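Colleague: Sharing a structure below in structure tokens format, with a few things to ask.
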Amino acid sequence: MHNADNGQDEVLVDVAYATNDVQTLVTLKLPAGATVGEAIEASGLLIHFPEIDLAVNPVGIFGKACPLDREVKAADRIEIYRPLRHDPKEARRQRAVKK
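Just so we're on the same page, the working numbering is the position in the sequence shown counted from 1, plus 26.
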């Protein structure tokens, strides 16, 4: 992998998205200084999964939320998250009522 800190001008990153049926991981070589949003756009996932709306779907790197304008680093795994279908607190309350 190339790292911009070592004087290289490219970084290698992964972009991940999963549905109930499919898990997709795309590896990309991007110019140093590329952002999370640019990586997602370059991955082609927005075309293959039109339900992704970056105004709605949160994104992160290795499980930690981040903004679309965050600069990517070599070996980052950029993740596109799906919105929660149910509020976890409300789901627990409903399960407790059923018991």
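Where a beta carbon is used, it is the ideal one built from N, C-alpha and C, also for glycine.
Keep in mind the model is a prediction, meaning the values are calculated, not measured.
Would alanine 18 pass as a contact of valine 41 if the rule is Cβ separation under 8 Å?
Modeller: Given that the chain is displayed from residue 27 to residue 125, the structure contains no residue 18 and the question cannot be resolved.
Colleague: Whole alpha helix (DSSP H) runs in the segment 53-109 with 4 or more residues, listed along the chain?
Modeller: 62-69, 71-74
Colleague: Here's the rule I'm using: 16 or more other beta-carbon atoms within 10 Å means buried, otherwise exposed. How should aspartate 102 be labelled?
Modeller: buried
Colleague: Run the CB neighbour count on proline 114, radius 10 Å, all protein chains shown included, and call it buried at 16 or more, exposed below.
Modeller: Exposed.
Colleague: Between valine 85 and leucine 56, is the Cβ-Cβ spacing less than 8 Å?
Modeller: no
Colleague: Let me make sure I understand the geometry here. Which of Asp47, Thr45, Pro93, Glu77 has the alpha-carbon closest to that of isoleucine 104?
Modeller: Pro93
Colleague: Do the CB positions of arginine 108 and asparagine 83 come within less than 8 Å of each other?
Modeller: yes
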